[in-house]
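Colleague:
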Amino acid sequence: MQKAIISVLGKDRPGIIAAVTKVLFEQDCNIENVSQTILQNEFSGIFIVSMPGNLAFDSMCAILEKGTAGFDLHFHIKPMESDERSGPAVETEPFVITTKGPDRKGLVAKITSVMARHGINVTNLQAVFKGGNDPGANIMIYEVDIPIHLDQASLRRELNETARDLNLDISIQHKDIFRAINRI
Amino acid sequence: MLSNQEILSVLEMLQNENLDLRTITLGISLLDCASDDIRRFRGAVYDRITTTAENLVEICDRIGEKYGIPVVNKRISVSPMAVAGAPFAPDQLVSAASTLDMAAKSVGVDFIGGFSALVEKGLATGDRALIEAIPAALTETERVCASVNVASTRAGINMDAVLLMGRKIKEAAELTADKDGLACAKLCVFANIPQDVPFMAGAYLGIGEADAVINVGVSGPGVVKKAIDRALAADPQMNLRQLSDLIKRTAYKVTRVGELIGREVAKAMGIDFGVVDLSLAPTPNVGDSVGEIFQSLGLLSIGVPGTTVALAMLNDAVKKGGAFASSNVGGLSGAFIPVSEDLNISEAARAGHLSLEKLEAITSVCSVGLDMVAIPGDTSAETLAAIIADEMAIGVINKKTTATRIIPVPGKKAGDQAFFGGLLGQAYIVPVNNGKGDNRFIRRGGLIPSPIHSLTN
């Protein structure tokens, strides 16, 4: 057996998952993890599968395209080398960083460059830019892991300064507050 | 993974609805500071407070920042001074109040409560001295708050103490006449005082409590009001069952904030966590008012017919939500109706919608009592005592906490305005109807026995 990661892109419509997994089943693949999301009208899915050792990645891609013909899906497939994350494990705490403010180019790039400089990993990002100056219509929500030993004061200062330059309201809050308020 | 809606609704509460942690109150026992030497006692009290509370403000600010929720007030409550300082004379107790004031200032807290006595069944020597000291103590200090428990459901109503308090309130008002009787704004008279209130001016650390404890007061009238407004905008036909459920769920969310942050502060200080007191405590800011909730519910103003039932529903829903959200709910937990501290309630008093009589009536279903009510300066001590006694009776008979914080504003009459400043706000002075004439009942003194606990009707 060999382990592979398959990404799927295409216009969203009913039946995509059924079609893809039918092919995987026929090829004797075992699904280990799936995540899918829909942005506007576009479907995107990531499958981690273990597949028979004699099946070549190129031919697997062709089989998937053929098996899902009519859905107009794009596949990319690559081997998974190991389960280990790159770099040494760092102890972190989960925070949520939220920004609101008028839309302009480069918002995500500028905010994430500060995060990257401090070694902060983004675990989930949701951003909506409907354009215009309505702060409520232009929102970024980053779920991040902040290393425990990081100098939080300087991180906050830098994020606040960057946000001010971009005319954004920014909040940096430990994730537990959202769990505490919303979940029983 | 959190949903966007969960994150955005919390931000909305923080940014536009005045959600905050109203107070973290560190209770400190002073009982082991006991001495018959006032200098040694004052030294021990000062050291005890400044050592225990040394990092309180810094820790509260740091943890508040971590969660993005401001801890607006950091406060201290101490053991009742009438017990801790029982051997001392009134003037010595006034000096002990100065020590509390200095200690509070040194650690950066805005109020310190516990200049208190518990006299529901009788007055001991230390109690008499403390009550004697209250007017001067509250005049000469800035941050000290006093409270006296004169009644309880188990003991009855100590009418000697009630009359004494009527007189002391008058004295305190006269001593601070240049500030509209400000000293009285820091003095509560209680029935059934809880041992763990974090809110001022009634906070003190009960005799049954540990050496030190963290109690948390959460507020959020603005959050409740906006939740009602939003729900009614989406469905104008919502009935009261649905609305009370909505208030309950909102109170749950607000209380969770106090639970989370309070526990973390307690842990960081190495002190036991006490209770979350979920009280809708207004401030004199637009959008942070209990009075506005009545209007959102559909009443013309707080004070009009329908107010008592609306407050009963609100108070009950708040308690239910709070009780579910925290494993330790205590203190007062309910809705406050402090007249001067709530712009909307103050305006209702000015417009004549809210009278002293209606205020008294609604205290039978809310969490405190006649709170921050300014009355004419020429109200006699006996009339004042009679108003207090009426309020105590409501608490004693209904097995609940009630209190009075009444300010007879020197030199001012009904309709005038009194200014107390800051969180204490400003108020229109409400008339005391039928307050003139002899009141022999109040002068008789003695203990009104505790009520029967059966035959309820």
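Chains as they are written, first to last, in my numbering: chain L, 99 to 282; chain X, 786 to 1242. Where is the CB? At the ideal position from N, CA and C, for every residue including glycine.
Quick one: list the residues of chain X neighbouring L:Glu241, beta-carbon separation under 8 Å, in chain order.
Modeller: In chain order: Met786, Leu787.
Colleague: What number of angstroms, rounded off, separates the C-alpha of X:Ile809 from the C-alpha of X:Ala1066?
Modeller: Computed Cα separation, rounded: 14 Å.
Colleague: Contact criterion: CB-CB distance below 8 Å. Does X:Val1103 meet it with respect to chain L?
Modeller: False, the Cβ-Cβ gap to chain L never drops below 8 Å.
Colleague: Tell me which residues share the same chain as X:Pro855 and place their Cβ nearer than 6 Å to its Cβ, disregarding the 5 neighbours each side in the sequence.
Modeller: Within the same chain, X:Pro855 has close Cβ partners Asp805, Gly849.
Colleague: Tell me which residue opens and which closes the beta strand (DSSP E) that L:Ile146 is part of.
Modeller: Run containing L:Ile146: 140 to 149, per the beta strand (DSSP E) assignment.
Colleague: Could you confirm whether any beta carbon from chain X is found closer than 8 Å to the beta carbon of L:Gln271?
Modeller: By this cut-off, L:Gln271 is an interface position.
Colleague: Report the option in X:Gln1211, X:Phe1109, X:Phe900 whose CA atom is closest to the CA atom of X:Leu990.
Modeller: Comparing Cα positions, the closest option is X:Phe900.
Colleague: Can you tell me which of X:Lys1038, X:Leu1063, X:Asn1070, X:Gly1083 puts its alpha carbon nearest to the alpha carbon of X:Gln1022?
Modeller: Selected option, being the one with the closest Cα: X:Gly1083.
Colleague: Classify X:Thr938 as helix, strand or coil using the three-state DSSP reduction.
Modeller: Correct three-state label for X:Thr938: coil.
Colleague: Have a look at X:Phe1109, X:Leu1155, X:Lys1143 and flag the residue whose alpha-carbon is nearest the alpha-carbon of X:Glu1126.
Modeller: Considering only alpha carbons, the answer is X:Leu1155.
Colleague: Confirm, please, whether the CB-CB distance from L:Phe169 to L:Ile115 is below 8 Å.
Modeller: Contact flag unset, no.
Colleague: Assign X:Gln980 to buried or exposed, taking buried as 16 or more other Cβ atoms, counted over all protein chains shown, within 10 Å of its Cβ.
Modeller: X:Gln980 is buried by the Cβ-count criterion.
Colleague: What does L:Phe276 reach in chain X if we use C-beta pairs closer than 8 Å?
Modeller: Within 8 Å Cβ-Cβ: Leu787, Glu791, Ile792, Val795.
Colleague: For the stretch 209 to 243 of chain L, list every residue whose C-beta sits within 9 Å of some C-beta in chain A, in sequence order.
Modeller: Considering every chain present, this structure includes no chain A. Its protein chains are L and X.
Colleague: Using alpha carbons as the reference points, say which of L:Ile282, L:Gln271, L:Arg255, L:Pro177 lies closest to L:Ala102.
Modeller: Of the listed residues, the one whose Cα sits closest to L:Ala102 is L:Pro177.
Colleague: Could you tell me how far apart the beta carbons of L:Ile279 and X:Arg1041 are, in whole angstroms, since I believe they sit closer than 8 Å?
Modeller: Right, their Cβ atoms sit about 5 Å apart.
Colleague: In three-state terms, what does DSSP make of L:Glu163?
Modeller: Looking at L:Glu163 - three-state DSSP - the assignment turns out to be helix.
Colleague: Name the chain X residues that come within less than 7 Å of L:Thr196, Cβ to Cβ?
Modeller: Ile792, Leu796, listed in chain order.
Colleague: So if DSSP puts X:Ala976 in a beta bridge, which residue, or which two residues, is it bridged to?
Modeller: Answer by DSSP bridge pairing, in chain order: X:Ala936, X:Thr1187.
Colleague: Can you find a C-beta in chain L that's less than 8 Å from the C-beta of X:Arg913?
Modeller: Not one chain L Cβ lies under 8 Å of X:Arg913.
Colleague: Measure from the alpha carbon of X:Val1003 to the alpha carbon of each residue in X:Leu923, X:Ile1013, X:Glu1044, then state which is nearest.
Modeller: Ranking the options by Cα distance to X:Val1003, first place goes to X:Glu1044.
Colleague: What residues from chain X crowd round L:Ile103, counting only those whose CB sits closer than 8 Å?
Modeller: Near L:Ile103 there are no residues of chain X at all, since even the closest Cβ is about 20 Å away, more than 8 Å.
Colleague: Can you tell me whether DSSP reads X:Met786 as helix, strand or coil?
Modeller: Of the three classes helix, strand and coil, the one that applies to X:Met786 here is coil, per DSSP.
Colleague: Using Cβ-Cβ distances below 7 Å, what residues of the stretch 854 to 865 of chain X are close to chain L?
Modeller: The stretch 854 to 865 of chain X vs chain L, Cβ under 7 Å: Ile854.
Colleague: Which same chain residues, not among the five before or five after L:Phe141, have their C-beta less than 6 Å away from its C-beta?
Modeller: For L:Phe141, where only same-chain residues beyond five positions count, the Cβ hits under 6 Å are Gly108, Asp110, Ile114.
Colleague: Can you tell which of L:Leu266, L:Ala117, L:Leu137, L:Val147 has the C-alpha that lies nearest to the C-alpha of L:Gln100?
Modeller: When each option's Cα is compared against that of L:Gln100, the closest is L:Val147.
Colleague: Ignore the nearest five residues each way along the sequence and tell me which others in X:Cys1244's own chain have a CB closer than 7 Å to its CB.
Modeller: Since the first and last residues shown for chain X are 786 and 1242, residue 1244 of chain X lies out of range.
Colleague: Could you name the residues of chain X that L:Gln258 contacts, counting a contact when the two beta carbons are closer than 9 Å?
Modeller: The residue asked about is misnamed: residue 258 of chain L is Asn in this sequence, not Gln. Here the premise fails: no neighbours, minimum Cβ distance about 12 Å.
Colleague: From the DSSP output, which residues share a beta bridge with L:Ile237?
Modeller: Its beta-bridge partners are L:Lys198, L:Val226.
Colleague: The beta strand (DSSP E) with X:Phe1079 in it runs from where to where?
Modeller: No beta strand (DSSP E) holds X:Phe1079; the alpha helix (DSSP H) holding it covers 1076 to 1082.
Colleague: Of all the CB atoms in chain X, is at least one closer than 8 Å to the CB of L:Asn131?
Modeller: No, its Cβ sits nowhere closer than 8 Å to a Cβ of chain X.
Colleague: Considering only C-alpha positions, which residue in the set X:Glu1167, X:Thr1186, X:His1138, X:Ala1170 is nearest to X:Thr1148?
Modeller: Answer by Cα proximity: X:Thr1186.
Colleague: CB-CB under 6 Å to X:Gly1072, same chain, minus the five flanking residues each way: which ones, in chain order?
Modeller: The answer, listed in chain order, is Asn803, Gly1007.
Colleague: Using only the alpha-carbon positions, how far apart do L:Lys203 and X:Asn789 sit?
Modeller: Taking the straight line from one Cα to the other gives about 22 Å.
Colleague: Could you check the C-alpha separation between X:Ile1227 and X:Val1153 for me, to the nearest Å?
Modeller: One C-alpha to the other measures close to 23 Å.
Colleague: Where does the unbroken beta strand (DSSP E) through X:Pro1161 begin, and where does it stop?
Modeller: Per DSSP, X:Pro1161 belongs to the beta strand (DSSP E) from 1155 to 1161.
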